[in-house]
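A.B. asks: Here the sequence shown is numbered in this note's numbering, starting from 52 and rising by one per residue.
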Amino acid sequence: MAQISLRLNGYSYTIGCQDGEERYLQELAKQVERRIERVRSLGTQGGESWTLVMAALLMADELHDLAKEILPSTTSERVQRADRIITENEALEQKLNLLAERAEGIAGELESA
């Protein structure tokens with residue numbers, strides 16, 4: 052397991068991660084730091100915790116907006132797929148019923164012979 056030192060809001064944090072994920076975590080830290088800078092640019096005075104909470108809320112708001120954009124199209128695609136599957140299942144059920152009737156007919160003929 053690797054460890055990486057990240058600097059956020061003027062403080063250094065040592066974070067454990069899987070080997071090879073160091074660069075990914077550095078990129079995530081850069082995104083968090085950008086939100087922290089955005090909070091600071093608002094000119095409000097707050098401590099480290101307040102600044103980090105506000106940055107987290109900004110990121111959560113962005114995720115929420117993205118989810119609203121992405122999920123409806125994905126949901127619509129899933130509903131259409133489900134409708135196709137239902138139609139296919141109904142057709143298969145009809146075929147199975149026909150095959151069952153044929154099998155019963157053949158069984159009846161064999162019993163009479």
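Where is the CB? At the ideal position from N, CA and C, for every residue including glycine.
Do the CB positions of Gly71 and Gln54 come within less than 8 Å of each other?
C.D. replies: No.
A.B. asks: Between the beta-carbon of Leu109 and the beta-carbon of Arg86, is there less than 8 Å?
C.D. replies: In this structure, Arg86 lies closer than 8 Å to Leu109 by Cβ.
A.B. asks: Determine the closest residue to Met52 out of Leu59, Arg58, Glu73, with distance taken between C-alpha atoms.
C.D. replies: Checked all of Leu59, Arg58, Glu73; the closest Cα to Met52 is Glu73.
A.B. asks: Would Thr125 be called buried (16 or more neighbouring beta carbons within 10 Å of its own) or exposed?
C.D. replies: The residue in question, Thr125, is exposed, as its Cβ has fewer than 16 Cβ neighbours within 10 Å.
A.B. asks: Using C-beta distances below 6 Å, list every residue in its chain close to Ser56, excluding the 5 sequence neighbours before and after it, in chain order.
C.D. replies: So the list reads Ser63, Thr65, once near-sequence residues are dropped.
A.B. asks: Which of the three DSSP states is assigned to Leu93 in this structure?
C.D. replies: Coil at Leu93, not helix or strand.
A.B. asks: Does the beta-carbon distance from Leu117 to Glu84 come in below 8 Å?
C.D. replies: No, the Cβ-Cβ distance between Leu117 and Glu84 is not below 8 Å.
A.B. asks: Could you tell me which residues DSSP pairs with Gln54 in its beta bridges?
C.D. replies: Beta-bridge pairing links Gln54 to Gly67.
A.B. asks: Which value, in whole angstroms, describes the spacing of the CA atoms of Leu103 and Leu114?
C.D. replies: Approximately 16 Å, taken between the alpha carbons.
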